[in-house]
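Everything on this sheet refers to the single structure shown next.
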Amino acid sequence: MPNKTTKFFSTEHGKKILSEYKDVLQSGRVYKSIKRHIVFVCGGEIGPSSNFRKDFLNFANDNPPDYHFFLAEKAYKSLMQINDDVSHNLALFERTICEISDCILIFPESVGSYCEVGYFAHKSDIIKKILIVNNVDHHAAGSFINEGPIALINKETKFSSTIVLEKNAPNFNLVTNRLNEKLKVAERRKSFVVEEAAQLLLQDQLFIINEIINIFGPCSLLSIEEILRNLSIKYKRLELQQIIAILEGSGLVHYNETYTDYLVSDCEHTDFIEYDGETRKEIRLKVLQYYQSNELKPYEVFEDEGEEL
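The sequence shown runs 1 to 309 under the numbering used here.
See the structure below:
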């Protein structure tokens with residue numbers, strides 16, 4: 001029987017399942033969803049007081065868009081729980097989130113968000129992704145942040161100039177309309193091919209790790225690494241931990257309450273990746289039957305989640 005702690009796919013049957021999925025990823029019949037876009041939202045603290053960022057996220061929750069909002073502080077908290085043995089620099093972690101994101105949406109309304117404006121404005125690979133949404137009372141002021149970093153961002157970004165909102169009656173439709181326009185939500189899905197020994201972009205790594213948890217979950221960090229190795233996908237452990245923290249912090253995956261080392265997908269899981277036909281369901285069924293027949297721990301976690309085959 002396979003080792004129940006790390007090597008879940010060490011049998012011939014397990015290796016065959018991973019080989020089949022590897023063939024699927026290399027087949028050219030896998031696609032990035034048109035609803036794959038990721039928006040990193042910076043701004044005021046998410047607390048009892050009202051601010052633009054909090055109110056916008058509430059607006060987006062009531063008017064679900066076809067993209068996904070990530071918050072750095074939630075992901076950072078998750079990262080510290082995953083690995084508190086190393087010092088995690090929040091600025092460097094935010095840079096990882098920016099590389100993963102399609103847009104960095106900044107509401108300059110707190111000390112932290114002012115720092116983010118200045119920090120990101122001087123990163124040539126990030127500045128093109130920034131969209132500033134400012135309070136009308138602050139926008140006209142001849143401050144350093146308006147005349148300096150924000151002016152530079154407006155010049156370089158692909159998201160056009162700053163959106164200005166009234167403090168007491170902000171029209172957040174202006175924000176979602178700009179995102180729709182610039183992210184081209186209605187575009188066709190794109191082919192997603194994972195080549196042998198692939199070094200994927202960080203966003204593509206997030207897509208495939210989210211998909212691994214969708215199909216092969218419940219997953220521990222060690223089992224995700226085992227699957228990545230068998231799929232011949234290169235990864236760095238710290239980046240893997242960061243990506244898992246981002247997924248968990250955004251609510252796309254969660255840790256099981258009983259088996260706290262195991263990640264499972266949210267009940268309404270997000271599909272960044274799509275397939276022709278019923279490929280996902282077919283492989284998912286094989287995986288769960290494999291866990292069950294070999295009495296592997298992931299199946300215990302699966303049952304603890306109250307799911308059914």
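Note that CB positions come from ideal geometry on N, CA and C, so glycine has one too.
A quick note: this is a predicted structure, and the numbers were derived from the prediction, not measured.
Does DSSP classify Ala198 as helix, strand or coil? strand
Taking the alpha carbon of Tyr21 as the point to measure from, which residue in Lys190, Glu94, Lys286 and Glu303 has its own alpha carbon closest? Comparing Cα positions, the closest option is Lys286.
When Ile233, Arg189, Arg53 and Pro170 are compared against Glu195, the one with the closest alpha-carbon: Ile233
Please classify Pro170 as buried or exposed, where buried requires at least 16 other C-beta atoms within 10 Å of its C-beta. buried
Per DSSP, what are the beta-bridge partners of Phe70 in this structure? Phe40
Where Asn134 and Gly217 are concerned, what is the direct C-alpha to C-alpha distance, given to the nearest angstrom? 41 Å
Distance, Cα to Cα, Ile283 vs Tyr290? 10 Å
Tell me the DSSP bridge mates of Asn135? When DSSP reads this structure, Asn135 sits in a beta bridge with Leu165.
I'd like the list of long-range same chain contacts for Phe59, defined as Cβ closer than 6 Å, with 5 residues on each side in sequence excluded. Closer than 6 Å at Cβ, skipping near neighbours: Phe172.
In the structure shown, what three-state DSSP assignment does Lys22 receive? Note: Lys22 maps to helix in three-state DSSP.
Could you tell me if Thr260 is buried or exposed, where buried requires 16 or more neighbouring beta carbons within 10 angstroms of its beta carbon? When all chains shown are included, Thr260 counts as exposed.
Assuming Ile132 and Pro108 form a contact by the criterion Cβ under 8 Å, report the distance between their Cβ atoms to the nearest whole angstrom. 7 Å
If you reduce the DSSP assignment to three classes, tell me which class Glu274 lands in. Strand.
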